[in-house]
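J.:
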Amino acid sequence: MLGKLNHVAIAVRDIDQASAVYREMLGAKLSAKVAQPEHGVSTVFVELPNTKIELLQPLGDGSPIEKFLQRNPGGGVHHICYEVDDIVAARDRLIAKGARVLGDGTPKIGAHGKPVLFLHPKDFCGTLVELEQA
Ligand code: CO
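For the working numbering, count along the sequence shown from 1 and bump the result up by 484.
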């Protein structure tokens, strides 16, 4: 069912500072910062040869990453995103196997313009998992 690792997302309080770490210290290639008000985050993508790192900073009130940053004030790995060929089939299989899909289970359009779902970290080794339609 699982395809490629699409990205690893890291939540940070200061995305400009985090971008500088990746650009200056690690010599990475970065995308421009994009405000995504419908997702409550600003994003910068670190482009790697085989995948991406998504830096996330809260945007506006009630950001979905605000609680995570309160628990992890220095930032941290927030979720990992796997590609699947058929997100509805993947969801149905996971629900049938007893996994919890967050929200109402309807795929939403994610930060890359493709349908995504999030899976409960308690069912996946303590890690929030995002599935993205390939
Ligand atoms: Co993501």
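Idealized CB from N, CA, C, for every residue including glycine.
1) Could you please give the first and the last residue of the uninterrupted beta strand (DSSP E) stretch that includes residue 508?
2) For residue 494, name the three-state secondary structure that DSSP assigns.
3) Tell me the rounded alpha-carbon separation between residue 555 and residue 514.
4) Excluding the five sequence neighbours on either side, which residues of its own chain have a C-beta within less than 8 Å of the C-beta of residue 552, listed in chain order?
5) Candidates 486, 497, 485 and 525: which alpha carbon is nearest residue 557's?
6) Please report the Cβ distance between residue 621 and residue 525, rounded to the nearest whole angstrom; I am assuming they are in contact, meaning their Cβ atoms lie under 8 Å.
7) What does DSSP give as the partner residue(s) for residue 560 in the beta ladder?
8) With a threshold of 8 Å on Cβ separation, who are the neighbours of residue 581 within its own chain once the five nearest residues in sequence on each side are excluded?
T.: If we stick to the structure as given:
1) Here residue 508 corresponds to residue number 24 of the sequence shown, with the count starting at 1. Taken as a continuous stretch (DSSP letters only), residue 508 belongs to no beta strand (DSSP E), as it is neither H nor E.
2) Along the sequence shown, one-based indexing puts residue 494 at 10. Here DSSP, grouped into helix, strand and coil, assigns residue 494 to strand.
3) Along the sequence shown, read from residue 1 onward, the residue named residue 555 stands at position 71. Along the sequence shown, read from residue 1 onward, the residue named residue 514 stands at position 30. Their backbone Cα atoms lie some 27 Å apart in a straight line.
4) For the purposes of this step, residue 552 is taken as residue 68 along the sequence shown, with counting starting at 1. Correct list, in chain order: 495, 560 and 562.
5) Mapped onto the sequence shown, residue 557 falls at position 73. Nearest option by C-alpha distance: 497.
6) Residue 621 is absent from the model: the chain starts at 485 and stops at 618.
7) Position 76 of the sequence shown, counting from 1, holds the residue named residue 560. In the DSSP output, where bridge partners are listed per residue, residue 560 has 495.
8) Taking the first residue of the sequence shown as 1, we reach residue 581 at position 97. Taken in chain order, the list of residues that qualify is empty.
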